[in-house]
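2 protein chains.
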Amino acid sequence: MKIAEASERFGISLDTLRYYERIGLIRPVNRNESGMRDYKELDLRWVDFIKCMRSAGLPIEVLIEYVGLVQQGDRMIETRKEILKEQRELLAARMQEMQKTLDILDHKIEVYENAVLKKEKAIVQSEDQALEII
Amino acid sequence: MKIAEASERFGISLDTLRYYERIGLIRPVNRNESGMRDYKELDLRWVDFIKCMRSAGLPIEVLIEYVGLVQQGDRMIETRKEILKEQRELLAARMQEMQKTLDILDHKIEVYENAVLKKEKAIVQSEDQALEII
DNA sequence: CCTTGACTTGGAGTCGACTCCAGGTGTTAC
DNA sequence: GTAACACCTGGAGTCGACTCCAAGTCAAGG
Numbered sequence: 503m504k505i506a507e508a509s510e511r512f513g514i515s516l517d518t519l520r521y522y523e524r525i526g527l528i529r530p531v532n533r534n535e536s537g538m539r540d541y542k543e544l545d546l547r548w549v550d551f552i553k554c555m556r557s558a559g560l561p562i563e564v565l566i567e568y569v570g571l572v573q574q575g576d577r578m579i580e581t582r583k584e585i586l587k588e589q590r591e592l593l594a595a596r597m598q599e600m601q602k603t604l605d606i607l608d609h610k611i612e613v614y615e616n617a618v619l620k621k622e623k624a625i626v627q628s629e630d631q632a633l634e635i636i
Numbered sequence: 503m504k505i506a507e508a509s510e511r512f513g514i515s516l517d518t519l520r521y522y523e524r525i526g527l528i529r530p531v532n533r534n535e536s537g538m539r540d541y542k543e544l545d546l547r548w549v550d551f552i553k554c555m556r557s558a559g560l561p562i563e564v565l566i567e568y569v570g571l572v573q574q575g576d577r578m579i580e581t582r583k584e585i586l587k588e589q590r591e592l593l594a595a596r597m598q599e600m601q602k603t604l605d606i607l608d609h610k611i612e613v614y615e616n617a618v619l620k621k622e623k624a625i626v627q628s629e630d631q632a633l634e635i636i
């Protein structure tokens with residue numbers, strides 16, 4: 503699969519895909535005879551994984567480290583696990599923060615709904631008044 | 503309350519507090535006779551709100567717009583509500599993405615736990631073997 | 001053969017959100 | 001009265017994560 507297709511498939515720009523590879527966030531993709539990238543199943547799975555992790559805000563630097571460790575085989579399995587665990591906790595913490603914000607937003611929106619309703623009533627009222635005046 | 507105390511209270515740097523004010527993310531804070539900021543209850547509440555929204559990743563630009571509309575009084579209440587509703591949806595969507603990632607991380611961590619267990623067993627085994635050899 | 005279009009590279013530019021700095025003023029402690 | 005310290009301003013610098021660009025290569029169609 504050429505880079506354009508992979509880009510399409512994941513909704514990641516060509517530039518970003520090349521950038522990820524350049525900084526070691528995804529391992530070097532195989533090339534065809536003329537030097538063009540040819541994404542194989544395994545490459546696509548990595549891209550998918552990285553996309554998923556990035557969409558949740560895991561920092562590139564950490565992911566580079568993790569990917570590097572995976573390349574080193576089973577020897578670093580313990581470290582890999584620890585990285586994931588740490589990131590999992592950070593992610594859960596961020597989500598909790600966001601949940602708080604979500605609750606506040608929901609509350610505010612509700613307050614606004616009421617305020618708008620009152621305002622509309624007031625308008626209706628003044629329209630009535632306007633009608634009376636006419 | 504002086505800026506240092508506000509900074510302490512919210513865990514936001516002096517620079518960031520001044521920066522937020524400068525770009526209109528929080529309304530101009532009252533000054534004492536010698537030109538120094540004096541945060542009052544209302545200022546603190548705004549800072550708290552902004553801190554909360556920022557911690558959930560709401561973009562500064564949007565918050566500036568919202569804050570500006572609030573300054574304009576009840577006239578823009580409808581627009582304000584729409585902004586909050588839109589941001590609420592975006593936030594919920596981000597959280598859903600993050601939940602997916604969290605699930606994947608949890609799954610991977612579990613797999614790692616098992617892998618590590620197996621590896622430890624293998625080590626124990628080879629230690630036994632080592633003992634046998636000795 | 002020549003153009004068109006998808007790909008390549010290395011390097012530079014951009015964007016959001018801070019963060020730092022230099023040079024100045026005000027307040028307090030000795 | 002001077003040193004130390006908290007504060008002020010405008011502007012520059014940094015950082016993470018892309019995003020864009022120029023100049024070149026390659027394959028296919030007319």
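As you go down the protein sequences, you meet chains A and B in turn.
In terms of our numbering, the first sequence has 635 at position 133, counting the first letter as 1, and numbering is strictly consecutive.
In terms of our numbering, the second sequence has 605 at position 103, counting the first letter as 1, and numbering is strictly consecutive.
Where is the CB? At the ideal position from N, CA and C, for every residue including glycine.
Straight-line gap, residue i to residue j (C-alpha atoms, nearest Å)
i	j	result
A:K542	A:V531	8 Å
B:Q573	A:I562	39 Å
A:R539	B:T603	27 Å
B:S515	B:K504	13 Å
B:D517	B:A624	55 Å
B:Q601	A:R533	35 Å
B:H609	A:A617	45 Å
B:L619	B:R556	41 Å
A:G537	A:L592	40 Å
A:L544	B:A506	53 Å
Spatially closest choice to residue i from the options, by CA coordinates
i	options	result
B:I552	B:E584, B:Y521 and B:I611	B:Y521
A:E510	A:G537, A:L546, A:R524 and A:E615	A:L546
B:L527	B:M538, B:V549, B:A508 and B:A558	B:V549
B:D605	A:K504, A:V564, A:M600 and A:A594	A:A594
B:K621	A:S536, A:R524, A:G537 and A:E580	A:E580
A:C554	A:Y614, A:F512 and A:E615	A:F512
B:G575	A:Y614, A:V564 and A:E523	A:Y614
Start and end residues, alpha helix (DSSP H) containing residue i
i	result
A:I562	I562 to Q573
A:M555	E543 to S557
A:S515	From DSSP, A:S515 is part of no alpha helix (DSSP H); its letter is neither H nor E.
Proximal residues to residue i (C-beta, below 8 Å), its chain only, five neighbours per side dropped
i	result
B:Y568	R582, I585 and L586
Close Cβ partners of residue i (< 7 Å) along its chain, the five nearest in sequence each way excluded
i	result
A:A508	L519, Y541, L546 and V549
A:I635	Because the pLDDT at A:I635 is just 30, under 50, the model does not fix this residue reliably, and the point stays unresolved.
A:E523	P530 and V531
A:E535	none
Pair within 8 Å by beta-carbon distance, residue i and residue j
i	j	result
A:Q589	B:L607	yes
A:G559	A:R596	yes
B:I566	B:I525	yes
Same chain, Cβ closer than 6 Å to residue i, five either side skipped, listed in chain order
i	result
A:R577	none
B:V564	none
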